[in-house]
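Read through the structure below, which is laid out as structure tokens, and then see the notes.
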Amino acid sequence: MAAVREAQIVSAVDDELSIVARRDPQELQLALQKIGAFQELVRTQLQEGRDYGTIPGAGNRKVLLKPGAEKITVLLGLRSRFEIVGKVEDFEQGFFAYLVKCSLISANGETITEGLGEANTKERKYVRQDAFTLANTVLKMARKRALVDAALTVGSLSDLFTQD
Numbered sequence: 001m002a003a004v005r006e007a008q009i010v011s012a013v014d015d016e017l018s019i020v021a022r023r024d025p026q027e028l029q030l031a032l033q034k035i036g037a038f039q040e041l042v043r044t045q046l047q048e049g050r051d052y053g054t055i056p057g058a059g060n061r062k063v064l065l066k067p068g069a070e071k072i073t074v075l076l077g078l079r080s081r082f083e084i085v086g087k088v089e090d091f092e093q094g095f096f097a098y099l100v101k102c103s104l105i106s107a108n109g110e111t112i113t114e115g116l117g118e119a120n121t122k123e124r125k126y127v128r129q130d131a132f133t134l135a136n137t138v139l140k141m142a143r144k145r146a147l148v149d150a151a152l153t154v155g156s157l158s159d160l161f162t163q164d
């Protein structure tokens with residue numbers, strides 16, 4: 001049984017490597033150049049303090065903010081679609097948590113990428129507030145985090161930004 005599983009793993013790795021082997025190195029080089037050009041455009045055109053910035057407690061890395069994520073998706077001609085994929089709404093204990101998926105969709109309806117975001121009322125910034133008034137706030141925070149995750153992925157922007 002272990003030998004069969006090991007053979008499956010080796011086969012999966014070979015399949016992944018064959019994807020690289022089937023690609024034209026010049027095409028790959030061109031794709032990397034386009035990614036670099038897009039990253040440079042984003043780096044020079046987004047505004048610090050509005051589209052990205054630093055967040056206390058998140059270190060010195062620049063964090064992509066919602067306005068920047070929205071600009072990136074519009075720049076690429078994408079629209080966002082959100083879906084709650086997990087939730088806890090405990091009205092007895094006053095605990096609310098949401099896991100949201102953001103799909104970035106092209107003009108022809110194709111899903112280009114997806115991002116996930118989660119937020120809950122036990123996060124440090126919410127702990128001293130009335131959890132019952134925060135359900136909508138944490139839902140919107142989960143949506144924002146999902147959008148930022150998707151925008152970072154679609155734009156290959158993890159070299160420039162992190163997520164809060």
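All letters in the sequence shown, in the order written, are residues 1 to 164 by our numbering.
We put the CB at the ideal spot given by N, CA and C, even for glycine.
A quick note: this is a predicted structure, and the numbers were derived from the prediction, not measured.
- Counting every other CB atom within 10 Å of its CB across the protein chains shown gives K125 a total below 16, marking it as exposed.
- For T113, the secondary structure class from DSSP, reduced to helix, strand or coil, is strand.
- Check the Cα spacing between I84 and each of F91, T153 and F96: the tightest is with F96.
- For the stretch 27-76, the full-length alpha helix (DSSP H) segments reaching 4 residues or more read 66-75 along the chain.
- Using a 10 angstroms sphere on the CB of F161, the tally of other CB atoms reaches 16 or more, which defines it as buried.
- One thing to note: V154 has its Cβ within 8 angstroms of the Cβ of L78.
- A residue is called buried when at least 16 other Cβ atoms come within 10 angstroms of its Cβ; A31 does not meet this threshold and is exposed.
- Remark: C-beta atoms of A142 and G115 do not approach each other more closely than 8 angstroms.
- A21 and E27 have their C-alpha atoms some 12 angstroms from each other.
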